[in-house]
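Okay, structure first, notes after.
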Amino acid sequence: MSNLNRFLGGSPGSVLVKLIFLSLLVGAFLAFLGITPLGLIEGLFDWIASVLDLSFETVQEVGLWILYGAVIVVPLWLISRLFGSRR
Numbered sequence: 000m001s002n003l004n005r006f007l008g009g010s011p012g013s014v015l016v017k018l019i020f021l022s023l024l025v026g027a028f029l030a031f032l033g034i035t036p037l038g039l040i041e042g043l044f045d046w047i048a049s050v051l052d053l054s055f056e057t058v059q060e061v062g063l064w065i066l067y068g069a070v071i072v073v074p075l076w077l078i079s080r081l082f083g084s085r086r
């Protein structure tokens, strides 16, 4: 078996026929559902954008939590350092 046949998983002609047949089946199924390739790509980009937006919002929210906590923790820490016992 040649390297090309091994890479393709069979002879180039038979692989081409299989790919055309599978493409026809998948294309018919997608057309039946009303899904277009451009719609799939747009949907993928929209999904990635929503995940990134969610991630940035989460980071921003965690940053606010740290800031809110620091308003209480830092002054208490400073007071404990100033008035704490020195050994």
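Count the sequence shown with numbering that gives the first Met the number 0 and you get residues 0 to 86, in order. Even glycine gets a Cβ: it sits at the ideal position worked out from N, Cα and C.
Ile71 and Ile65 have their C-alpha atoms roughly 10 Å apart.
Contact check for Pro11 and Leu3: beta-carbon distance about 7 Å, within the 8 Å limit, so the pair qualifies.
Gly26 places its beta carbon 9 Å or farther from that of Lys17.
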